[in-house]
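Visitor:
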Amino acid sequence: MQLNRREALLFSASAMLFAATSRTVSAQVNGGTLRFAPHSALRVLDPVTTSAYITRNHGYLVYDTLFSVDSASVPQPQMVDNWEMAEDGLSWTFRLRDGLAFHDGAPVTSEDVIASIRRWWQRDVVGLRLKAATSDIVAIDDRSFRFELSGPFGVMLEALARTSSIPLFIMPRRIAELPPATMLEEVVGSGPYRFLPDEFRPGVSWSYSRNEAYVPRPEPADGLAGGKVPRVERIDTIWFPSPDTAISALLNNELDIIESVNPDRRASFDGTDVKLVRKGSPSASTIRFNWAQPPFDDVLLRRAVQKVVSQIDYLDVAVGDPDAYQECGAFFGCGTPLETDAGYGDNGLHNGDEARELVAQSGYNGEEIVIITPGDVASFSTLAPLTQQLLTSIGIKSRIETMEWSSFLERRSRTAPVSEGGWNLAHAVFDSIDLLSPLGNMNFDARGNQGYTGFVDDPETEQLKNRYQGEPDPAKQKEIAEEMQKRAHDLVFYIPLGTYYQYTAVRPEISNYVTAVLPALWSLDKA
Amino acid sequence: MLRLVLIRMLSAVPVMLIVALIVFTLLRLSPGDPATILAGDAATPETIAELRNELGLDQSLPIQFVTWIGGVATGDFGQSILSRMPVLTLIFDRLEATLVLAVTAIILTVVVAVPLGALAAWRLNSWVDRAVMAMSVAGFSIPAFVIGYILMLFFSVKWELLPVQGYVSPFVDLSAAIRHLILPSLTLALVFMALIARVTRSSLLEVLNQDFVRTARAKGNPGRRVLWSHALPNAAVPIITVIGLGIAMLITGVVVTESVFNIPGIGRLTIDAILARDYPVVQGLMLFFALIYVGVNLLIDIAYIIVDPRIRY
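First to last, the protein sequences are chains H and R. Numbering-wise (numbering that gives the first Met the number 0), the first sequence opens with residue 0 and increments by one. Numbering-wise (numbering that gives the first Met the number 0), the second sequence opens with residue 0 and increments by one.
1) Say whether chain H places a C-beta atom closer than 7 Å to the C-beta of S258 (chain R).
2) Compute the Euclidean distance between the alpha carbons of M8 (chain R) and L16 (chain R), then round it to the nearest angstrom.
3) At 4 residues or longer, and completely inside the region 117-160 of chain R: list those alpha helix (DSSP H) runs for me, N to C.
4) Please check if any C-beta of chain R sits within less than 7 Å of the C-beta of N442 (chain H).
5) Quick check: the region 384-402 of chain H against the region 236-253 of chain H, are at least 3 beta-carbon pairs closer than 8 Å?
6) With a threshold of 7 Å between beta carbons, is R117 (chain H) in contact with chain C?
7) Quick one: does S184 (chain R) have its CB under 7 Å from some CB of chain H?
8) Does the separation of the CB atoms of V505 (chain H) and Y499 (chain H) fall below 7 Å?
9) Does the beta carbon of L99 (chain H) come closer than 7 Å to any beta carbon on chain R?
10) When the cut-off is 7 Å and only beta carbons count, does E353 (chain H) lie next to chain R?
11) Given 8 Å as the limit, is there contact between the region 129-141 of chain H and the region 414-425 of chain H, that is, 3 or more CB pairs closer than that?
12) Give me the DSSP bridge partner(s) of H426 (chain H).
13) Using the Cα positions of T20 (chain H) and S259 (chain H), report the straight-line distance between them to the nearest angstrom.
14) Leaving out five residues on either side along the sequence, give the residues of the same chain with a beta carbon under 7 Å from the beta carbon of A175 (chain R).
15) What residues match up with A138 (chain H) in a beta bridge as DSSP calls it?
16) Would you verify that the beta carbon of P263 (chain R) is, or is not, closer than 7 Å to some beta carbon of chain H?
17) Does the region 266-273 of chain H touch the region 324-339 of chain H, meaning 3 or more C-beta pairs lie closer than 8 Å?
18) For a contact defined as C-beta to C-beta under 7 Å, what are the partners of I283 (chain R) on chain H?
19) Just to make sure I have the definition right: I need the residues of chain R whose C-beta is within less than 9 Å of the C-beta of F239 (chain H). Which are they?
20) Any beta carbon from chain R within less than 7 Å of E253 (chain H)'s own beta carbon?
21) Relative to the alpha-carbon of L100 (chain R), which residue among R:I310, R:D271, R:Q282, R:N261 has its alpha-carbon at the smallest distance?
22) Determine which residues of the region 178-192 of chain H have a Cβ less than 9 Å from any Cβ of chain R, and write them out in chain order.
23) Return the CA-CA distance between V308 (chain H) and D456 (chain H), expressed in angstroms with no decimal places.
24) Taking a contact to mean a Cβ-Cβ separation below 7 Å, would you say G279 (chain H) touches V428 (chain H) in this structure?
25) Note down, in chain order, every chain R residue with its Cβ under 8 Å from the Cβ of T537 (chain H).
26) What are the boundary residues of the alpha helix (DSSP H) that K485 (chain H) is part of?
27) If you follow the beta strand (DSSP E) that R277 (chain H) is in, where does it begin and where does it stop?
28) Which same chain residues, not among the five before or five after P279 (chain R), have their C-beta less than 8 Å away from its C-beta?
29) Going by C-alpha to C-alpha distance, which of R:M132, R:I177, R:S228, R:L286 sits closest to L194 (chain R)?
30) Is there at least one Cβ from chain H nearer than 7 Å to D32 (chain R)'s Cβ?
31) Using a Cβ-Cβ cut-off of 7 Å, state whether I83 (chain R) counts as contacting chain H.
32) Let me know the secondary structure DSSP gives Y451 (chain H) once reduced to three states.
33) Below 8 Å on C-beta distance, what does T35 (chain R) contact in chain H?
34) Span of the alpha helix (DSSP H) holding D315 (chain H)?
35) Is there a Cβ from chain H that is less than 7 Å from the Cβ of E95 (chain R)?
36) CB Q534 (chain H) to CB A341 (chain H), shorter than 7 Å?
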């Protein structure tokens, strides 16, 4: 083959371009850096200002907690060395472990812990209860402090180990003394990794470096508890708006872990050596009614909808893969310490005839109800059409109004009638760790218009929560929780639609990945 | 020329003010609220009210507007409600990736599409013309994300030649920057090539039938010289218009390509900010985009004067 001068020039240029660009991507592997694709983008750094999961997960890398839950959701000591409850239950004393220090080198003292608690308990729902039950918190010395209570608070360890929605992270006093509405701009914790502020690109990427001074607990890692050993040198976190791009990047060895892979994308990894690990906490979809407005202020109509709902129908449509979902009528989560079927067997069973009978008995007069739904959130996409179909099947007219997420949140918080921009029925999707505690589970906020969306109004439930809060005996706690669940099923606080799992995709170079309710990136190794 | 530039710069001031007022009003009229987003799904009404107070959102709209526009006049575009970073820092941090991507795509487009369009016009109704037109139809018809994923599947996942995602600055590592730019710029270029090839073809077809082209041919000029030296400069005005607006469109709207290839550009920042109702960032971006359109239009006008001295302003 002969080339003329122009063709030879073109060929040479192409060859040079190829030489410059042909290094395969696998050459980018850096043994000391974990490349992680989270479920969402980090934009807010203050874990007290927001209840966003991504900010909480960031917090677990940077900050440490007094207690943490293990894989069985049982609180275990983390920064705390030992503790004691007084016989009358009115004071709790805690002592911190040796060697705890913040990333700026200052030791962690009781004053830092007390300031952190005082900022946290203004925002967290369980923290608010602890605040109300506390007469004072006293620093005994640099490492010891004591809660002095006005009444027993049996769920003290559960409160201090809160994983959701706002965990108690320990910060330096100078930072923790800022009001909770003032967002923190400085990220200083005492956790296994240090946040690198200069590399923070909100909504894009952010990084951490190993905290060489971190003193892990001696026990092996178990859930979020045990020894948090920061093994990899650095963690680069990259947000992918497109899940397909994230999967391609993992297959192309540009990523080590994808936090969340939907069950319907599992096939993308067939024939590869990528491991798919079922996430530690399943998602739980629900139907919520607006108790503040007709017609769902009528318990008979709520019961009618409850009677016609079959969890399996929703799970088949929304998830499809029976390996990835589970029917679950336990309001505090299945496979958790408070799991019970109380009330579900009596009220949660599908019966179309009874449902139509209940509609006839209720005050429903044929008005059109409004279902609101976010059009830009995948986990909601199949829920509203199926619910509308069920409502139609029992003679309830409805229309779906679709909006984007921020408008949906704002609309769902309104108690006004539909004619004034309100709503009648909406869905909510929870991570199951939000449901574990009768005090923290927002579905049991029964304070009417002052409470969580849906505006459930049931003073007796609030009384039951008070009883639960003061009860230190786990067996008695469970009895109260059962009573609460039975009541919630009877009055139809909301309708659970079953639970389903997502998966974490892990490249074969990663070992010792610990499954927890959120990504535990401190205990793994990278080959 | 200097007069034109000065007049355009002065006339940009009222344009920017009107844009500022419209954007501010539309944002406040739209449902949703940054405090609700910031507080999260589980927030209580008290938490949201506290945040609204902290963010100044409980003040009257005229006070909010005057505070913001007063800051802009002194070069302070405010802080992001979510990340607490200065708006200008966020915009300039994302600008490089989008600019580099847009310029690469436009260069690629112009280098390929203008000659192809010219060739199609020169060889009207030949197989070359039909091939170029078929490519144009395909370029228009296939969405950018489909082209992107197809390129990614073959060049990255199957053949492992190029990275799937990310952006590397050419000022940091030129080789890595080129490797990261090839697929996204090709994706964008394939779409814009279709547009520019078609405009070049139709614009040239009009010129090729004019007397001066016939005269140039009659004087014995070779065909290539007639095409490139006589016909194309006279057909350049619509082509320059499309290229100029293409640059502006690429800078302000490459959201899909940036998302597919995970490039941290200005398009993704815009969508993020709008969805989160991050008012200061959205307002700053819209002013910035208005400025880009004003600037690009000015450059197009200057280019008209250069390629066609008959044009006067």
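Note that the Cβ used here is the ideal one computed from N, Cα and C, for glycine as well. Small disclaimer: the values here were computed from a predicted structure and weren't measured.
Guide: The answer reads as follows:
1) Numbered from its first residue, the second sequence carries residue 258 (chain R) at position 259. So, interface residue.
2) Residue 8 (chain R) sits at position 9 when you count from the first residue of the second sequence. Residue 16 (chain R) sits at position 17 when you count from the first residue of the second sequence. Cα to Cα, the separation comes out at about 13 Å.
3) 126-140, 143-151
4) Counting from 1 along the first sequence, the entry for residue 442 (chain H) is found at position 443. So, not an interface residue.
5) no
6) Included in the structure are the protein chains H and R, with no chain C among them.
7) Taking the first residue of the second sequence as position 1, residue 184 (chain R) is located at position 185. Between S184 (chain R) and chain H, the shortest Cβ-Cβ separation is not below 7 Å.
8) Locating residue 505 (chain H) in the first sequence gives position 506, where the first residue counts as 1. Locating residue 499 (chain H) in the first sequence gives position 500, where the first residue counts as 1. Not closer than 7 Å, so no.
9) Walking along the first sequence from the start, residue 99 (chain H) turns up at place 100. Chain R, which has no Cβ nearer than 7 Å to the Cβ of L99 (chain H), makes this no.
10) The residue labelled residue 353 (chain H) in the question sits at position 354 within the first sequence. Chain R, which has no Cβ nearer than 7 Å to the Cβ of E353 (chain H), makes this no.
11) no
12) Taking the first sequence and counting its residues from 1, one reaches residue 426 (chain H) at position 427. For H426 (chain H), which the question treats as bridged, DSSP gives the partners H:I286.
13) Indexing the first sequence from 1 puts residue 20 (chain H) at position 21. Indexing the first sequence from 1 puts residue 259 (chain H) at position 260. Residue placement at T20 (chain H) cannot be trusted, given a pLDDT of 42 that sits under 50; what the coordinates show is reported in the next sentence. Cα-Cα distance, rounded: 31 Å.
14) As a working note, residue 175 (chain R) is residue 176 in the second sequence. Excluding positions up to five away in sequence, the list reads V167.
15) Translated into the one-based positions of the first sequence, residue 138 (chain H) becomes position 139. Paired residue(s): H:F144.
16) Looking up residue 263 (chain R) in the second sequence gives position 264. Taking Cβ atoms only, chain H reaches closer than 7 Å to P263 (chain R), which makes this a yes.
17) no
18) If you number the second sequence from 1, residue 283 (chain R) lands on position 284. Strictly speaking, residue 283 (chain R) in this sequence is Gly, with Ile absent from that position. None at all; the shortest Cβ gap to chain H is about 14 Å.
19) Reading the first sequence from its first residue, position 240 is the one you call residue 239 (chain H). Under the 9 Å cutoff, chain R gives Q164, S258, N261.
20) As a first step, residue 253 (chain H) must be located in the first sequence, where it is residue number 254. Yes, because at least one Cβ of chain R sits closer than 7 Å to the Cβ of E253 (chain H).
21) Taking the first residue of the second sequence as position 1, residue 100 (chain R) is located at position 101. Comparing Cα-Cα distances from L100 (chain R) to each of R:I310, R:D271, R:Q282, R:N261, the minimum goes to R:N261.
22) P178, P179, A180, T181, M182, L183, E184
23) For the purposes of this step, residue 308 (chain H) is taken as residue 309 along the first sequence, with counting starting at 1. For the purposes of this step, residue 456 (chain H) is taken as residue 457 along the first sequence, with counting starting at 1. Spanning the two alpha carbons is a distance of roughly 23 Å.
24) By one-based count along the first sequence, residue 279 (chain H) stands at place 280. By one-based count along the first sequence, residue 428 (chain H) stands at place 429. Cβ distance not < 7 Å, so G279 (chain H) and V428 (chain H) don't count as in contact.
25) Nothing about residue 537 (chain H) can be read from this structure; chain H reaches only from 0 to 526.
26) Along the first sequence, one-based indexing puts residue 485 (chain H) at 486. Residue range 473-490 is occupied by the alpha helix (DSSP H) that includes K485 (chain H).
27) The count along the first sequence starts at 1 and reaches residue 277 (chain H) at position 278. It spans 274-277 - the beta strand (DSSP E) in which R277 (chain H) sits, taken as one unbroken run.
28) Here the question's residue 279 (chain R) lines up with position 280 in the second sequence. Sequence-distant partners of P279 (chain R) (beyond 5 residues in either direction) whose C-beta falls short of 8 Å from its own C-beta, in its chain, are W67, F76, G77, Q78, S79, I80, V86.
29) As a working note, residue 194 (chain R) is residue 195 in the second sequence. When only C-alpha atoms are compared, the closest one is R:M132.
30) Numbered from 1 along the second sequence, position 33 holds the residue referred to as residue 32 (chain R). Yes - at least one Cβ of chain H is within 7 Å of the one on D32 (chain R).
31) Mapped onto the second sequence, residue 83 (chain R) falls at position 84. In the sequence as displayed, the identity of residue 83 (chain R) is Arg instead of Ile. Output row for R83 (chain R): interface = yes.
32) As a working mapping, residue 451 (chain H) is identified with position 452 in the first sequence. Here Y451 (chain H) sits in coil by DSSP.
33) Working through the second sequence from its first residue, we reach residue 35 (chain R) at position 36. Result: S405, L408, E409, S412.
34) Taking the first residue of the first sequence as position 1, residue 315 (chain H) is located at position 316. Boundaries of the alpha helix (DSSP H) around D315 (chain H): 310-317.
35) Here the question's residue 95 (chain R) lines up with position 96 in the second sequence. Against chain H, the CB of E95 (chain R) has no partner CB under 7 Å away; the residue lies outside that interface.
36) Only positions 0 to 526 of chain H appear in the structure, and residue 534 (chain H) is not among them; the question remains open.
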